[in-house]
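Q: Quick one: structure below, then a few questions.
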Amino acid sequence: MKSRNKRIYLIRHAQSEYNEKGIFQGRQDSDLTP
């Protein structure tokens, strides 16, 4: 069996207002900080 290398890319969005305030969020949208 031949070995195949795989890559995983982790991409994160900018900081949201909730992240800045330490508020956990699930499916609710919040604005991004400037």
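In my numbering, each residue's number is its place in the sequence shown (first place is 1) plus 502. For every residue, glycine included, the Cβ atom is placed at its ideal position computed from N, Cα and C.
#1: Since I believe Ser505 is in contact with Ser518 (beta carbons under 8 Å), could you give me their beta-carbon distance rounded to a whole number of angstroms?
#2: Skipping 5 residues on each side, what residues in its chain have a beta carbon closer than 6 Å to that of Gln527?
#3: Alpha carbon to alpha carbon, what distance is there between Glu522 and Leu512?
#4: Taking Pro536 as the reference, which of Gln530, Lys508, His515 and Ile525 has the closest Cα?
A: Let me spell this out:
#1: Working through the sequence shown from its first residue, we reach residue 518 at position 16. Working through the sequence shown from its first residue, we reach residue 505 at position 3. The pair is not a contact, with the Cβ atoms about 40 Å apart (cut-off 8 Å).
#2: As a first step, residue 527 must be located in the sequence shown, where it is residue number 25. Sequence-distant partners of Gln527 (beyond 5 residues in either direction) whose C-beta falls short of 6 Å from its own C-beta, in its chain, are Tyr520.
#3: Looking up residue 512 in the sequence shown gives position 10. Looking up residue 522 in the sequence shown gives position 20. Straight-line Cα distance between these residues: approximately 21 Å.
#4: Within the sequence shown, numbered from 1, the residue matching residue 536 stands at position 34. Among Gln530, Lys508, His515 and Ile525, the Cα nearest to that of Pro536 is on His515.
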